[in-house]
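Q: In our numbering, the protein residues as written are 2 to 521. Note that CB positions come from ideal geometry on N, CA and C, so glycine has one too. Shown below is the structure under consideration.
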């Protein structure tokens, strides 16, 4: 591909920002449609409740306070037998040709019948529940339709837009067939897709409304009940709005990412949305050696998985001069200690084996980690390749992956990660891999441990060091957070060794959940 001028890339950045604003405006219209259905649902529910309460009072000639007192004090189960006799008596009178009214009974019996009928009306709680479920299902069905159509429309529009910009219309056809579109739109994220999350939202909304209804009828505080109904619907409506917004950002990102890959670009530029948060602003400012906000194609943070819900940032193709790439890669290659040659005598020594006894309280797990560490170091001796294994707490192997020859990285497929996520509880797994560079865990290692919910990770270096590290946080951390911290400390404390710089970085990041110790 031809090198473009600096002005071209500035114009591209402005163009991408305009596209973000246009999509946000369009999505506000979709959200307004979605909210309309939730508001209609709320109005229908409140009308039905008001009608039931009004009918309860008017038809039974019982004031709210009296009805509240009598109903709450009544033992419904014991009273039902008495009421049954009254009903049987009324049936007998009808059979004899009487048109039964309250006047056929004494005032005491009339009052009991009124209360009984009031109870019957209040026990129409199940009837109201059924109507609430119907209204919630109707609103959720409309929300699903709006969300699904919006996601398909945005993915197609962005794929076509990228095709025109990158000049890959023919190459991008495979991204626009029905199977490809549905694959992106209905993709699972952390074990569930948007549709299942929306229906889970429906279940939660219905349960919350039923609780409000039951409490409201028990206390006969109708105004407060309707106010709580409104607050409850608005809270759950926000969840549906956020889901639509977040899923739109995901499919737009996938359209951008796939198009950039088809076009053969190696680098991307991070484009912040107009109201970017601190996290996304930091991503846009980060300099990985190529300029602010420029990332290698396969290392750019994923939206929204590595940002946050409601994120509307984007990525755009970017070009880096080959000389700049070579200079950067040369710098990366020097970030190592010693060589990738393994001292085979040492890793079979008792000293090396004893280190593993200190990793956990489970001898079997320690033994399996030691056994596999020796296998990794034997396999990768003298190379820059990396192997990775995941174990459960009992030392059973859960997954394994082998990196490419000469590449200082190793990962797992989405299929493997999905299986692991579904079959194992958070913080019950241990990940282990090697570092041919003999350095401590990297920012990417901590990020992976956090994203995969490891209990902890193990790094074994080719010179025989063992590091135990962990990061357990609800926040998403970028890999370069540690790298930037190391660089800052190294510049200020230029006389410190690599290990000392790393230790100071761990102390600084400890408050954010970073932990690492060398097993000696």
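1. Under 8 Å by Cβ, that's how I've got residue 305 and residue 250 pegged, so tell me the actual separation to the nearest angstrom.
2. Give the DSSP-derived three-state secondary structure of residue 430 in the structure shown.
3. Could you check the C-alpha separation between residue 145 and residue 33 for me, to the nearest Å?
4. Within 10 Å of its beta-carbon, does residue 109 have 16 or more other beta-carbons around it, so buried, or fewer, so exposed?
5. Report yes if the C-beta distance between residue 406 and residue 384 is below 8 Å; otherwise report no.
6. Can you list, in chain order, the residues of its chain whose CB lies under 8 Å from that of residue 507, leaving out five sequence neighbours each side?
7. Assuming residue 461 and residue 374 form a contact by the criterion Cβ under 8 Å, report the distance between their Cβ atoms to the nearest whole angstrom.
8. Would residue 191 and residue 237 qualify as a contact pair, given that the criterion is a beta-carbon distance under 8 Å?
9. For the beta strand (DSSP E) containing residue 401, name the first residue and the last one.
10. Let's see if you can read the secondary structure: which residues bound the alpha helix (DSSP H) around residue 551?
11. Please list, in chain order, all residues of the same chain as residue 391 whose beta carbon is under 6 Å from its beta carbon, the five residues on each side excluded.
12. Please list, in chain order, all residues of the same chain as residue 291 whose beta carbon is under 6 Å from its beta carbon, the five residues on each side excluded.
13. DSSP three-state call for residue 20: helix, strand or coil?
14. Can you name the start and end residues of the alpha helix (DSSP H) that residue 239 belongs to?
15. May I ask you to list the residues that DSSP assigns as paired with residue 393?
16. What is the DSSP secondary structure of residue 514, counted as helix, strand or coil?
17. Might you give, ordered along the chain, the residues of its own chain that have their beta carbon closer than 7 Å to the beta carbon of residue 138, omitting 5 neighbours on each side?
18. Does the structure place the segment 448 to 466 close enough to the segment 359 to 378 that three or more beta carbon pairs sit under 8 Å?
19. Since I believe residue 412 is in contact with residue 402 (beta carbons under 8 Å), could you give me their beta-carbon distance rounded to a whole number of angstroms?
20. Among 297, 338, 347, 446, whose alpha-carbon lies nearest the alpha-carbon of residue 318?
21. How about the segment 216 to 224 and the segment 13 to 29: do they share at least three Cβ pairs that are nearer than 8 Å?
22. Following the continuous alpha helix (DSSP H) through residue 355, name the residue where it begins and the one where it ends.
23. The beta strand (DSSP E) with residue 297 in it runs from where to where?
24. Could you check what DSSP says for residue 317 in three-state terms: helix, strand or coil?
25. For residue 471, name the three-state secondary structure that DSSP assigns.
26. Is the distance from the Cβ of residue 160 to the Cβ of residue 260 below 8 Å?
27. Which residues share a DSSP beta bridge with residue 457?
28. Give every residue of the same chain whose Cβ lies closer than 6 Å to the Cβ of residue 404, excluding the five residues on either side of it in the sequence, and list them in chain order.
29. Any idea if residue 378 is buried or exposed, counting beta-carbon neighbours within 10 angstroms, 16 or more meaning buried?
30. In chain order, what residues of the same chain lie with their CB nearer than 8 Å to the CB of residue 366, ignoring the 5 residues before and after it?
31. Could you tell me whether the segment 202 to 221 touches the segment 281 to 291, where touching means 3 or more Cβ pairs closer than 8 Å?
32. I'd like to check one pair, residue 455 with residue 443: are the Cβ atoms closer than 8 Å?
33. Mapping the DSSP letters down to three states, classify residue 190 as helix, strand or coil.
34. Thinking C-beta only, is residue 166 closer than 8 Å to residue 258?
35. Look at the alpha carbon of residue 189 and the alpha carbon of residue 382, and state the distance between them as a whole number of angstroms.
36. In the structure shown, what three-state DSSP assignment does residue 348 receive?
A: Per the coordinate set shown:
1. Residue numbering aside, residue 305 sits at position 304 when the chain shown is read from its first letter. Residue numbering aside, residue 250 sits at position 249 when the chain shown is read from its first letter. Residue 305 to residue 250, Cβ: 5 Å. Contact.
2. To locate residue 430, count along the chain shown from 1; it is residue 429. DSSP, reduced to helix, strand and coil, places residue 430 within a strand of the structure shown.
3. Locating residue 145 in the chain shown gives position 144, where the first residue counts as 1. Locating residue 33 in the chain shown gives position 32, where the first residue counts as 1. About 14 Å.
4. If you number the chain shown from 1, residue 109 lands on position 108. Low confidence applies here, because residue 109 scores a pLDDT of 46, under 50, leaving its location unreliable; read the following figure in that light. Flag for residue 109 reads exposed.
5. As a first step, residue 406 must be located in the chain shown, where it is residue number 405. As a first step, residue 384 must be located in the chain shown, where it is residue number 383. The Cβ atoms of residue 406 and residue 384 sit closer than 8 Å to each other.
6. As a working note, residue 507 is residue 506 in the chain shown. Annotation for residue 507: 515, 516, 517 place their beta carbon closer than 8 Å to its own, counting only its chain and skipping 5 residues before and after.
7. By one-based count along the chain shown, residue 461 stands at place 460. By one-based count along the chain shown, residue 374 stands at place 373. Going by Cβ atoms, the distance from residue 461 to residue 374 rounds to 5 Å, so yes, they are a contact pair.
8. Within the chain shown, residue 191 is the residue found at index 190, counting from 1. Within the chain shown, residue 237 is the residue found at index 236, counting from 1. In this structure, residue 191 sits away from residue 237, with a CB-CB distance that is not shorter than 8 Å.
9. Position 400 of the chain shown, counted from the start, is the residue given in the question as residue 401. Segment 398 to 403, the beta strand (DSSP E) holding residue 401.
10. Nothing about residue 551 can be read from this structure; the chain reaches only from 2 to 521.
11. Numbered from 1 along the chain shown, position 390 holds the residue referred to as residue 391. Excluding positions up to five away in sequence, the list reads 399, 400, 430, 432.
12. For this step, residue 291 is matched to residue 290 along the chain shown. The residues are 321.
13. Along the chain shown, one-based indexing puts residue 20 at 19. It is helical.
14. Taking the chain shown and counting its residues from 1, one reaches residue 239 at position 238. For residue 239, the enclosing alpha helix (DSSP H) has its first and last residue at 223 to 264.
15. Reading the chain shown from its first residue, position 392 is the one you call residue 393. Partner residues in the beta bridge of residue 393, as assigned by DSSP, are 430.
16. Translated into positions along the chain shown, residue 514 becomes position 513. Annotated three-state conformation of residue 514 is coil, per DSSP.
17. As a working mapping, residue 138 is identified with position 137 in the chain shown. In chain order, 203 place their CB closer than 7 Å to the CB of residue 138, counting only its own chain and leaving out the 5 sequence neighbours on each side.
18. Yes, the segment 359 to 378 touches the segment 448 to 466.
19. Translated into positions along the chain shown, residue 402 becomes position 401. Translated into positions along the chain shown, residue 412 becomes position 411. Rounded, the Cβ-Cβ distance is 6 Å, consistent with contact.
20. Here residue 318 refers to the residue found at position 317 when the chain shown is read from its first residue. For the residues 297, 338, 347, 446, the minimum Cα distance to residue 318 belongs to 297.
21. No, because fewer than three Cβ pairs between the segment 216 to 224 and the segment 13 to 29 fall closer than 8 Å, the two stretches do not touch.
22. Taking the first residue of the chain shown as 1, we reach residue 355 at position 354. The continuous alpha helix (DSSP H) containing residue 355 extends over residues 351 to 357.
23. On the chain shown, position 296 is the one that residue 297 refers to. 295 to 297 is the extent of the beta strand (DSSP E) around residue 297.
24. Your numbering for residue 317 matches position 316 in the chain shown. Residue state, collapsed to three classes: strand.
25. What you label residue 471 is simply residue 470 of the chain shown in a count that begins at 1. Strand.
26. As a working mapping, residue 160 is identified with position 159 in the chain shown. As a working mapping, residue 260 is identified with position 259 in the chain shown. Yes.
27. Stepping through the chain shown from its first residue, residue 457 is reached at position 456. 431.
28. Here residue 404 is taken as the residue at index 403 of the chain shown, counted from 1. The beta carbon of residue 404 sits closer than 6 Å to those of 386, 387, 410, 411, all from its chain and outside the five residues before and after it, given in chain order.
29. Stepping through the chain shown from its first residue, residue 378 is reached at position 377. Result: buried.
30. Within the chain shown, numbered from 1, the residue matching residue 366 stands at position 365. For residue 366, where only same-chain residues beyond five positions count, the Cβ hits under 8 Å are 360, 392, 394, 395, 396, 431.
31. Taking 8 Å as the limit for Cβ pairs, the verdict is that the segment 281 to 291 does not touch the segment 202 to 221.
32. Walking along the chain shown from the start, residue 443 turns up at place 442. Walking along the chain shown from the start, residue 455 turns up at place 454. It is not a contact, given that the beta carbons lie outside the stated cut-off.
33. The sequence position of residue 190 within the chain shown is 189, counting from 1. Three-state DSSP puts residue 190 in a strand.
34. Numbered from its first residue, the chain shown carries residue 258 at position 257. Numbered from its first residue, the chain shown carries residue 166 at position 165. Note that the C-beta distance between residue 258 and residue 166 is not below 8 Å.
35. Within the chain shown, residue 189 is the residue found at index 188, counting from 1. Within the chain shown, residue 382 is the residue found at index 381, counting from 1. Answer to the nearest angstrom: the Cα atoms are 38 Å apart.
36. Along the chain shown, read from residue 1 onward, the residue named residue 348 stands at position 347. Residue 348 falls in the helix class under three-state DSSP.
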